[in-house]
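Undergrad: The structure is given below, and queries will be raised subsequently.
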Amino acid sequence: MESLRPHSLSNAASALSPRTGAIPESNPELKQAASPPIKADQLQAPTARSPIQAVLSLWQDEPVVISAADKNSALALLERTRKGYHPTVDEMGAYRRVAKASQDLPAVDTLAETVPVMTQIFARLDRDKSGFLADSEIKAARLNPSFKGREAVALTTLLKLNKSIQKLSFNEWKQQSGTHLKDLSALGRRAAKDEPSKWTLYVESYVFNQGIKLRQIDQRLFPQGVASIRPDHIQQGEYGTCTILAAAAAMAANPAGKQALFEMISEKSDGSFLVHFPGEKPVAVKRPTDAELILHASSGQDGLWLSVLEKAFVKRMEGQMQGKSEDEVEKAVNSGYYLSEGIRLLTGNKAQDGTIPGTPLPQLRSFVTQTLAENRVLLVTLNPDSAQAKDKALKEKTKRNEEIYADGLVGLHAYSVIGFDPATDTITLRNPWNHTELLGRDGKAADGVDDGVFSVKLDVFQKLFSDIAWQTRDKA
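Each residue of the sequence shown is one higher than the one before, starting from 114 at the first, in my numbering.
The structure is reproduced here in structure tokens:
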């Protein structure tokens, strides 16, 4: 497709073919702005106590009576947290009240209940017996299957927030770096305050979300067979693997792609897995630990397959970087993957890169229609270096300097093209974060649902996105 100005992998590092590796935004203010909170009175949350007291009192043994509306609101909150929303304290407290009286809602701990668990596992994490938890010690522990359930939530919270937690108490040993038991005591005191800080509220919601995520995962590989592979249940985790996940979502949007993904992963008798990337040697991976399930990409109730696929991708990259440190490998994983490389890895076909601006609309329309009709993967990204200048006062920064612009799009991040409607001339795209999409003038999802899926007119698409990659018909 000459008008798309294709360019080869040899010059893929140019500004016209950026690496994509955006990690989901973790700013609680951004999440709450994008998705207004459920009103606390809908769940009959207690109002006589301060927010934290209300949360901490919800595990008392008084009888609880809930209504159908309470249950439905709790289920709605579960769905929103699955898509990255950070709930308020009242919402968390109200949810726990409902979960306590229900047999089919996952129960989750408060931060005040999680801090003692952190203290209990401290000695197991402190491998060098220094009295301080270094990042490397916590990272190593995430691979340990003995940390389950509440311990895994405590572990991943420490991993996520170690640099912040270790500053909570005075450290007379300035040469030491890491979290001390005194820091955990300080965290516990913060969790018990009647009027917690914004940071403490964020940690509270992080603990809640990770507990919900873990307890919602079905730990079978494909619980519903090939039907377990659904594009709307593919959600990126803590790694910058958006290209692989966007390619998987594009494949999951059609029957042939679903079947290919289903046949790509097999379970061995010992509970480990083999991942067969087309044209490559199988990659053997152990069953993900509970901590890995929290940190990795997830398909939730659709099973382990997505977490296993991502784990195999990371192990494959480790094999390509033998002799490199763990930090170097992690940096490489989070630096992302070229769009075309992700397509080639999952499909086994050659892939080609191109640019969108300047392509005549009739030819772009014909190309998109034909590519999707043939069930071939199509990915796009927005390269900030080649995009028009945005309103800097309105954009938010993600933790790796990708940019969420005022229009809701994420720079240097892979999107799946999952549909095109010739009748309305609209193209449908999906963000593998499972949230954060094109915004309307009111600052909310333009289509009314912040699920990462959105449709735009083709001429608008041409102005918004800069780079494109597609699966060719030829084997790699």
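We treat Cβ as the ideally placed atom computed from N, Cα and C, and that holds for glycine. Computed from a prediction, not measured in an experiment: that's the story for all the values here.
(1) Using the Cα positions of LEU218 and PHE335, report the straight-line distance between them to the nearest angstrom.
(2) With DSSP as the reference, label SER178 as helix, strand or coil.
(3) Would you kindly work out how many angstroms separate the C-alpha atoms of GLU431 and LEU458, rounded to a whole number?
(4) What's the C-alpha gap between LYS557 and GLU550?
(5) Can you give me the start and stop residues for the beta strand (DSSP E) that ALA582 sits inside?
(6) Taking the C-alpha atoms as reference points, what is the distance between SER282 and LYS261?
(7) Identify whether ALA536 lies in helix, strand or coil by the three-state DSSP scheme.
(8) Check TYR247 in the structure and name its three-state DSSP category.
(9) So THR494 and SER579 are in contact, right, with Cβ under 8 Å, and what is the actual spacing, rounded?
(10) Alpha carbon to alpha carbon, what distance is there between ILE325 and GLY301?
(11) Nearest-angstrom Cα distance between LYS399 and GLU317?
(12) Taking all protein chains shown into account, do 16 or more other C-beta atoms lie within 10 angstroms of the C-beta of LYS371, making it buried, or fewer, making it exposed?
(13) At which residue ranges does the segment 550-583 contain complete beta strand (DSSP E) runs of 3 or more residues, listed in the order of the chain?
(14) Give every residue of the same chain whose Cβ lies closer than 7 Å to the Cβ of TYR319, excluding the five residues on either side of it in the sequence, and list them in chain order.
(15) Going by the C-beta, is VAL530 closer than 7 Å to any heavy atom of the ligand GDP?
(16) When the Cα of PRO470 is compared with those of ASN496, THR484, GLU380, MET205, which residue comes out closest?
(17) Distance check for ALA486 and PHE533, CA to CA, integer angstroms please.
(18) In the DSSP assignment, the beta strand (DSSP E) including LYS463 goes from what residue to what residue?
(19) What is the DSSP secondary structure of ALA362, counted as helix, strand or coil?
(20) Just verifying my parser: in three-state terms, what is the DSSP assignment at THR201?
(21) Check whether the segment 291-300 and the segment 230-247 are in contact - that is, three or more C-beta pairs closer than 8 Å.
(22) Can you round the beta-carbon distance between ALA107 and ASN462 to whole angstroms, since I take them to be within the 8 Å contact cut?
(23) To which residues of the same chain is ALA147 closer than 6 Å at the C-beta, ignoring the five residues directly before and after it?
(24) For TYR62, which three-state DSSP category applies?
(25) Alpha carbon to alpha carbon, how far is SER180 from ARG586? Give it in angstroms, no decimals.
(26) Label LEU474 either buried or exposed according to how many other C-beta atoms from any shown protein chain fall within 10 Å of its C-beta, with 16 as the threshold for buried.
(27) In this structure, does DSSP put LEU387 in helix, strand or coil?
(28) Does TYR451 come out as helix, strand or coil in the three-state DSSP assignment?
(29) Taking three-plus beta-carbon pairs below 8 Å as touching, is the segment 330-347 in contact with the segment 412-422?
(30) Going by DSSP, what residues sit across from ARG303 in a beta bridge?
(31) Below 8 Å between beta carbons: does that hold for LEU374 and ALA365?
(32) Measuring CA to CA, which of LYS428, TRP583, GLU454 is closest to GLU443?
(33) To the nearest angstrom, report how far apart HIS199 and CYS355 are at their CA atoms.
(34) Sort GLU226, LEU256, ASN275 by Cα distance to ALA305 and report the nearest one.
(35) Taking the alpha-carbon of ASP538 as reference, which of PRO545, THR482, LYS394 has the nearest alpha-carbon?
TA: Checking against the coordinates, here is how it stands:
(1) The straight-line gap from Cα to Cα measures roughly 22 Å.
(2) The sequence as given places Val at residue 178; Ser does not occur at that position. VAL178 falls in the coil class under three-state DSSP.
(3) Distance between the alpha carbons of GLU431 and LEU458: 15 Å.
(4) Between the alpha carbons of LYS557 and GLU550 lies a gap of roughly 9 Å.
(5) It spans 580-588 - the beta strand (DSSP E) in which ALA582 sits, taken as one unbroken run.
(6) The C-alpha of SER282 lies about 28 Å from the C-alpha of LYS261.
(7) Of the three classes helix, strand and coil, the one that applies to ALA536 here is coil, per DSSP.
(8) It is worth fixing the name first, because residue 247 is Ala in this sequence and not Tyr. Under the three-state reduction of DSSP output, ALA247 falls in the coil class, being neither helix nor strand.
(9) The beta-carbon separation of THR494 and SER579, rounded to 7 Å, stays under the 8 Å limit for a contact.
(10) Those two C-alpha atoms are separated by around 21 Å.
(11) Cα atoms of LYS399 and GLU317: separation of roughly 31 Å, rounded to the nearest angstrom.
(12) The residue in question, LYS371, is buried, as its Cβ has 16 or more Cβ neighbours within 10 Å.
(13) Whole beta strand (DSSP E) segments, 3+ residues: 566-570.
(14) Counting only Cβ-Cβ distances below 7 Å, and skipping sequence neighbours, we find THR270, LYS273.
(15) What this structure holds is no ligand at all, so the ligand GDP is not there to describe.
(16) Ranking ASN496, THR484, GLU380, MET205 by Cα distance to PRO470 puts ASN496 first.
(17) If I take the Cα positions, the gap works out to 10 Å.
(18) LYS463 -> beta strand (DSSP E) spans 462-468.
(19) In the displayed model, ALA362 falls within a helix according to three-state DSSP.
(20) Look at THR201 here: in three-state DSSP terms it is coil, with no helix or strand label.
(21) Because the criterion of three Cβ pairs below 8 Å is met, the segment 291-300 and the segment 230-247 touch.
(22) Outside the shown range of the chain (114 to 589) lies residue 107, about which nothing can therefore be said.
(23) Reliability fails at ALA147, whose pLDDT of 38 lies under 50, so the model's placement of it is uncertain and no value is given.
(24) With the chain running from 114 to 589 in the structure shown, residue 62 is simply not present.
(25) Between ARG586 and SER180, the C-alpha separation is close to 55 Å.
(26) Exposure of LEU474 is indicated by the presence of fewer than 16 other C-beta atoms within 10 angstroms of its C-beta.
(27) Strand.
(28) DSSP places TYR451 in coil when its eight states are reduced to three.
(29) The segment 330-347 makes contact with the segment 412-422; the number of CB pairs closer than 8 Å reaches 3 or more.
(30) Paired residues: none, contrary to the question.
(31) Result yes, Cβ atoms of LEU374 and ALA365 sit closer than 8 Å.
(32) The option with the nearest alpha carbon to GLU443 is LYS428.
(33) If you take the alpha carbons of HIS199 and CYS355, they lie about 21 Å apart.
(34) Nearest of GLU226, LEU256, ASN275 to ALA305, Cα basis: GLU226.
(35) Per the Cα distances, THR482.
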